[in-house]
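S.K.:
There are 2 protein chains.
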Amino acid sequence: MASRTVGVIGGGQLARMMIPAAVELGIPIKVLAETPGMSAAIAATAVGDYRDLDTVLAFADTVDVITFDHEHVPQAVLRALVERGIPVRPGPDALQYAQDKLLMRQKLGELGLPMPDWASIESASELGAFLDDHGGRAVVKTARGGYDGKGVRVVTEPNGADDWFTALNEDGRGGALLVEELVGFRRELAQQVARRPSGEIAAWPVVETIQRDGVCAEVIAPAPDSAPRAAGIAQDIAVRIAEGLDVTGMLAVELFETTDERLLVNELAMRPHNSGHWSIDGSTTSQFEQHLRAVLDLPLGATGASAPWSVMVNILGGPADASLADRYPAALAEHPTVKVHGYGKESRPGRKVGHVTACGDDLDDVVFQARSTAGHFDA
Amino acid sequence: MASRTVGVIGGGQLARMMIPAAVELGIPIKVLAETPGMSAAIAATAVGDYRDLDTVLAFADTVDVITFDHEHVPQAVLRALVERGIPVRPGPDALQYAQDKLLMRQKLGELGLPMPDWASIESASELGAFLDDHGGRAVVKTARGGYDGKGVRVVTEPNGADDWFTALNEDGRGGALLVEELVGFRRELAQQVARRPSGEIAAWPVVETIQRDGVCAEVIAPAPDSAPRAAGIAQDIAVRIAEGLDVTGMLAVELFETTDERLLVNELAMRPHNSGHWSIDGSTTSQFEQHLRAVLDLPLGATGASAPWSVMVNILGGPADASLADRYPAALAEHPTVKVHGYGKESRPGRKVGHVTACGDDLDDVVFQARSTAGHFDA
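Residue numbers (the numbering used here), protein chains in the order written: chain A, 678 to 1056; chain B, 678 to 1056.
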């Protein structure tokens, strides 16, 4: 039997970062990219629309297992792949919960997992009722299509989501919005696990994620000052979700650590996730290698840390009138121990165009090294 | 300025292992491969003969700097690239010493570096005279074209290299063979350094290399029981060679540690080298990332080890009737902390088709982990 080829739908930086892992492990990898010249272009053997069934089927016929750079492939396309006998990991039954936040909340409720109060609302009056019950403030989310803070809004008035209700009705699907209590949290955490179809699960230590404007800005691994009990709870939550939703491949669970010391599930991602980029340089097995192992149903790798602390800082936007590469000489000269990652993307305000990771024994120094390196790439 | 593209001539596993480093650092990379489907095929934007000037010039026009998977590109081709204004790293003046072992010995002699007694010989009688002076045994090497033990022979009779003399005369070039004393050595070491065109040099710790049948089988980093003085001498030798020969990119110096505690230069390689594969998993900066930084004249990365010990074991030959991938389930399940590297090559007796690296605190355990993992891939 020859090596089985992994096919990745989507050509962004998550697909890109699977490529080094595949090349090193000796696993053939192909990418279906949305357009030419994307981050993962070096492995893009096909370019086309992932919503088009024929495009996806033609690509799938060239690989042995399908996985994803993102969660946007329509259910109809996913189910057609499965009917054709192509392994899809994660499969459509799992992915639906990453694609629809209302479904996700319902399912997590059935599993008895801790999360913010929530409701499915279809009108301003239902929103008003939720606001009345939750101190006059709440978070409204579109069930589908949100990412990096898009499709998320804090509201204080019953008519604060009227435009979204109108849009939902206009596009003919009708449907509801998700409203959640505004949780008083001390910080945000993320717990990653990988799960094979045969059931094996591997977990990394829980990490702290620092968001700015709804976008992940920094990750500290492991989360500082985490009581072993809290770390255990975070892992237990992620394992229960991975098993309960039959996730295969990487799962990231974003968590609120509340001011009263509870952990509540915020969001899910069924793919490698920004909160795990530190693992490329800071863990025996990176989330990207682990994702490949998991979707191929290979034994999972060790998730130990190679240093006591790893800190990842995103390069957001990048230099305004230059490429990342222009800043390499100064950044690399000043920080020879920091790993710089570029995604081969044009700089644009707010866009994730790269990240840096520092590892070491002293958290203050590691934070300084990472932030200072990333600072070289500011606009 | 956009990112500068590195062009690699040669599509073998050394080019392959540059690809993950390039993708992670955000450096575009293109490969001129000898044939389709080689190890580095994922980055092969051209396929053709590296001895053909037009082929190489056409490839060079698509990149910003040229470097190499091997040292076999003819001087005439290299010099034509330089004349065209294309940066070639290492350049032809340096590469000639890696291409011709007689030139190398002459140059190292001029630099006053320690090495075995040697001579340039053109006849059986000259070989006989050398044997008489060196206890009746010596090593004869072809000046050009040898690798992995090929073109190297222990002789005890004056006519022991007659076939090579005949071949040299027949191919019309005439020319000499290299003869060297048979050094009584305790073990073999390798010292790697990287050097930028602007002069900066970075060194890794000296490693022990274990050869079988003239081919590198295992590497232990750092070399066990190395006195700090010996490690310093090894580094000093490599730095003097890198500077004296104007090497840019990676340089590996293979050394004999003699039974009387001297270090003698055996061979040179001006490219990433088997003795440095451990650095992918065991050093802050791998030899492949460092090579890219060096040939782009970017600041070099830190060469600290991420664990006290790293042990690399080559997968030689590979399974006879199967692919490497068939052995992954058992190997990965038993050794979750070991990093397995496959080169995407067909198994063939004696061929380097992959390697494994184990890292850790306890040398005995690390050696066991690496050997046991590699053992899963035996024929």
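By construction, the Cβ of each residue, glycine as well, lies at the ideal position given by its N, Cα and C atoms.
Please list the partners that P1006(A) has in chain B, where partner means a Cβ-to-Cβ separation under 7 Å.
M.R.: Here the question's residue 1006(A) lines up with position 329 in the first sequence. Under the 7 Å cutoff, chain B gives L975 and P976.
S.K.: How many angstroms separate the CA atom of Q1046(B) from the CA atom of A1010(B)?
M.R.: By 1-based counting over the second sequence, the position of residue 1046(B) is 369. By 1-based counting over the second sequence, the position of residue 1010(B) is 333. One C-alpha to the other measures close to 12 Å.
S.K.: Residues of chain E with CB closer than 9 Å to the CB of T1014(A), please, in chain order.
M.R.: Among the protein chains in the structure shown, which are A and B, there is no chain E.
S.K.: At least one CB of chain B closer than 9 Å to the CB of L947(A): is that the case?
M.R.: Within the first sequence, the letter at position 270 stands for residue 947(A). Sequence check: residue 947(A) is Met here, not Leu. It does not: the Cβ of M947(A) has no partner Cβ on chain B nearer than 9 Å.
S.K.: Measuring only the C-alpha atoms, how far is R906(B) from V988(B)?
M.R.: Position 229 of the second sequence holds residue 906(B). Position 311 of the second sequence holds residue 988(B). Approximately 22 Å, taken between the alpha carbons.
S.K.: Touch check for the segment 694-701 of chain B and the segment 721-732 of chain B: three-plus C-beta pairs under 8 Å?
M.R.: In short, these stretches do not touch, since the Cβ pair count stays below three.
S.K.: R830(A) bridges to which residues according to DSSP?
M.R.: In the first sequence, counting from the first residue as 1, residue 830(A) sits at position 153. For R830(A), which the question treats as bridged, DSSP gives the partners V817(A).
S.K.: Does R761(A) pass the burial test, meaning 16 or more other C-beta atoms within 10 Å, or should it be called exposed?
M.R.: Numbered from its first residue, the first sequence carries residue 761(A) at position 84. Exposed, because fewer than 16 other Cβ atoms sit within 10 Å of the Cβ of R761(A).
S.K.: Taking CB distances under 9 Å as the criterion, tell me whether H968(A) reaches chain B.
M.R.: Stepping through the first sequence from its first residue, residue 968(A) is reached at position 291. False, the Cβ-Cβ gap to chain B never drops below 9 Å.
S.K.: Comparing the C-beta of P697(B) with each C-beta of chain A, is any distance below 9 Å?
M.R.: Mapped onto the second sequence, residue 697(B) falls at position 20. Chain A, which has a Cβ nearer than 9 Å to the Cβ of P697(B), makes this yes.
S.K.: Find out if the Cβ-Cβ distance for the pair A1051(A), V972(A) is shorter than 9 Å.
M.R.: Locating residue 1051(A) in the first sequence gives position 374, where the first residue counts as 1. Locating residue 972(A) in the first sequence gives position 295, where the first residue counts as 1. Contact flag unset, no.
S.K.: Under a CB-based cut-off of 9 Å, is P705(B) close to chain A?
M.R.: Working through the second sequence from its first residue, we reach residue 705(B) at position 28. For P705(B), the answer is yes, since a Cβ of chain A falls inside 9 Å of its Cβ.
S.K.: Please list the segments of the alpha helix (DSSP H) lying wholly inside the segment 868-931 of chain A, counting only runs of 4 or more residues, in order along the chain.
M.R.: Within the segment 868-931 of chain A, the complete alpha helix (DSSP H) runs of at least 4 residues are 905-921.
S.K.: For N951(A), count neighbouring C-beta atoms within 10 Å of its own C-beta (all shown protein chains included) and say buried if the count is 16 or more, exposed if not.
M.R.: Taking the first residue of the first sequence as 1, we reach residue 951(A) at position 274. Buried.
S.K.: The beta strand (DSSP E) with M781(B) in it runs from where to where?
M.R.: The count along the second sequence starts at 1 and reaches residue 781(B) at position 104. It is not in any beta strand (DSSP E) - M781(B) instead sits in the alpha helix (DSSP H) that spans K778 to E787.
S.K.: Tell me whether T936(B) is buried or exposed, calling it buried when 16 or more other Cβ atoms sit within 10 Å of its Cβ.
M.R.: Indexing the second sequence from 1 puts residue 936(B) at position 259. So T936(B) ends up on the exposed side.
S.K.: Could you tell me which chain B residues have their CB closer than 8 Å to the CB of H1018(A), listed as they occur along the chain?
M.R.: Here residue 1018(A) refers to the residue found at position 341 when the first sequence is read from its first residue. E701, L702 and G703, listed in chain order.
S.K.: For chain A, check one thing: does any of its Cβ atoms lie closer than 9 Å to the Cβ of A984(B)?
M.R.: Walking along the second sequence from the start, residue 984(B) turns up at place 307. Yes, contact with chain A.
S.K.: Taking only three categories from DSSP, how would you classify M678(B)?
M.R.: The residue you call residue 678(B) lines up with position 1 of the second sequence. The predicted model places M678(B) with a pLDDT of 49, which falls under 50 and marks its position as unreliable; any figure quoted below should be read in that light. Residue state, collapsed to three classes: coil.
S.K.: Give me the subset of the segment 712-746 of chain B whose CB atoms are less than 7 Å from a CB atom of chain A, sorted by chain position.
M.R.: If the cut-off is 7 Å between Cβ atoms, the segment 712-746 of chain B has I719 and A720 near chain A.
S.K.: Can you give me the C-alpha to C-alpha distance between L977(A) and S956(A), rounded to a whole angstrom?
M.R.: Taking the first residue of the first sequence as position 1, residue 977(A) is located at position 300. Taking the first residue of the first sequence as position 1, residue 956(A) is located at position 279. Taking the straight line from one Cα to the other gives about 14 Å.
S.K.: What residues in the segment 1026-1049 of chain B have a beta carbon less than 7 Å from any beta carbon of chain A?
M.R.: Taking 7 Å as the Cβ-Cβ cut-off against chain A, the residues of the segment 1026-1049 of chain B that qualify are G1031.
S.K.: Under the assumption that L788(A) contacts G921(A) (Cβ atoms under 8 Å), give the Cβ distance between them as a whole number of angstroms.
M.R.: Working through the first sequence from its first residue, we reach residue 788(A) at position 111. Working through the first sequence from its first residue, we reach residue 921(A) at position 244. The Cβ separation is near 5 Å, so the contact holds.
S.K.: I need the straight-line Cα distance from G813(B) to W986(B), nearest angstrom please.
M.R.: Here residue 813(B) refers to the residue found at position 136 of the second sequence. Here residue 986(B) refers to the residue found at position 309 of the second sequence. Rounded to the nearest angstrom, the two C-alpha atoms are 40 Å apart.
S.K.: Given a limit of 7 Å on CB to CB distance, which residues of the segment 867-900 of chain B reach chain A?
M.R.: Residues: none.
S.K.: Quick one, are the C-beta atoms of H811(A) and V896(A) less than 9 Å apart?
M.R.: One-based indexing of the first sequence puts residue 811(A) at position 134. One-based indexing of the first sequence puts residue 896(A) at position 219. It is not a contact, given that the beta carbons lie outside the stated cut-off.
S.K.: Given a cut-off of 9 Å, decide if A867(B) and T843(B) are closer than it, judged by their beta-carbon atoms.
M.R.: Here residue 843(B) corresponds to residue number 166 of the second sequence, with the count starting at 1. Here residue 867(B) corresponds to residue number 190 of the second sequence, with the count starting at 1. No, the Cβ-Cβ distance between T843(B) and A867(B) is not below 9 Å.
S.K.: If the criterion is Cβ atoms closer than 9 Å, does the pair D746(B) and R1048(B) meet it?
M.R.: Here the question's residue 746(B) lines up with position 69 in the second sequence. Here the question's residue 1048(B) lines up with position 371 in the second sequence. Cβ distance not < 9 Å, so D746(B) and R1048(B) don't count as in contact.
S.K.: Assign E834(A) to buried or exposed, taking buried as 16 or more other Cβ atoms, counted over all protein chains shown, within 10 Å of its Cβ.
M.R.: Numbered from 1 along the first sequence, position 157 holds the residue referred to as residue 834(A). When all chains shown are included, E834(A) counts as exposed.
S.K.: Taking the alpha carbon of K778(A) as the reference point, which residue from H1053(A), I992(A), N943(A) and G861(A) has its own alpha carbon closest?
M.R.: Position 101 of the first sequence holds residue 778(A). Checked all of H1053(A), I992(A), N943(A) and G861(A); the closest Cα to K778(A) is N943(A).
S.K.: How many angstroms separate the CA atom of A871(B) from the CA atom of A879(B)?
M.R.: In the second sequence, residue 871(B) corresponds to position 194, counting from 1. In the second sequence, residue 879(B) corresponds to position 202, counting from 1. Rounded to the nearest angstrom, the two C-alpha atoms are 5 Å apart.
S.K.: If contact means a Cβ-Cβ distance below 8 Å, which residues of the segment 685-696 of chain A contact chain B?
M.R.: Hits within the stretch, in order: R693, M694 and I696.
S.K.: If the cut is a Cβ gap below 7 Å, which residues of chain B does R766(A) touch?
M.R.: Here residue 766(A) refers to the residue found at position 89 of the first sequence. Ordered by position in chain B, no residue passes the 7 Å Cβ test against R766(A), which lies about 17 Å from the chain.
S.K.: Compare the C-alpha of I743(A) against each of T732(A), T682(A) and Q776(A) and name the closest.
M.R.: Looking up residue 743(A) in the first sequence gives position 66. It is T682(A).
S.K.: So who's on the other strand from H1032(A), going by DSSP bridges?
M.R.: In the first sequence, the residue the question calls residue 1032(A) occupies position 355. N991(A) and H1018(A).
S.K.: Quick check: is the beta carbon of R681(B) nearer than 9 Å to any beta carbon in chain A?
M.R.: The sequence position of residue 681(B) within the second sequence is 4, counting from 1. Closer than 9 Å to some Cβ of chain A, the Cβ of R681(B) qualifies, so yes.
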